[in-house]
Amino acid sequence: VAATTCGDSLFVLDETGAAMAVGGEDGGGRVVVASEPWDDGRRWREVADRAVVVATPAAVTVAPLPVRVPERRG
1489 VAATTCGDSL FVLDETGAAM AVGGEDGGGR VVVASEPWDD GRRWREVADR AVVVATPAAV
1549 TVAPLPVRVP ERRG
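My numbering puts the first residue of the sequence shown at 1489, with every later residue one more than the last.
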């Protein structure tokens, strides 16, 4: 799963770590990406503006999007 903010709100709920510790070999767990948290839990992480979230079976990463500076002409 990949998601970007770019001016909108984005939150990530990563439950893979807890699930791997309790769930056994398959890892289990889940990653939720949503525009707003659906509860008041402290596990939700707000994603900064102009960032990308990438969730794979191995990891969840949040990284800033590169800023493209237009060339000066003239």
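Beta carbons: idealized from backbone N, C-alpha and C, even for Gly.
{"Item": "Distance cut-off 7 Å: residue 1553 Cβ against heavy atoms of the ligand COA", "Value": "Absence of the ligand COA is noted for the structure shown, with no ligands found whatsoever."}
{"Item": "Cβ-based burial, residue 1498 [other Cβ within 10 Å; buried from 16]", "Value": "buried"}
{"Item": "Beta-carbon gap between residue 1543 and residue 1552 smaller than 8 Å", "Value": "no"}
{"Item": "Proximity winner among 1489, 1545 and 1500, relative to residue 1529 (alpha-carbon distances)", "Value": "1500"}
{"Item": "Distance CB(residue 1548)-CB(residue 1520) smaller than 8 Å", "Value": "no"}
{"Item": "Residue 1490 versus residue 1541: straight-line alpha-carbon distance, rounded", "Value": "5 Å"}
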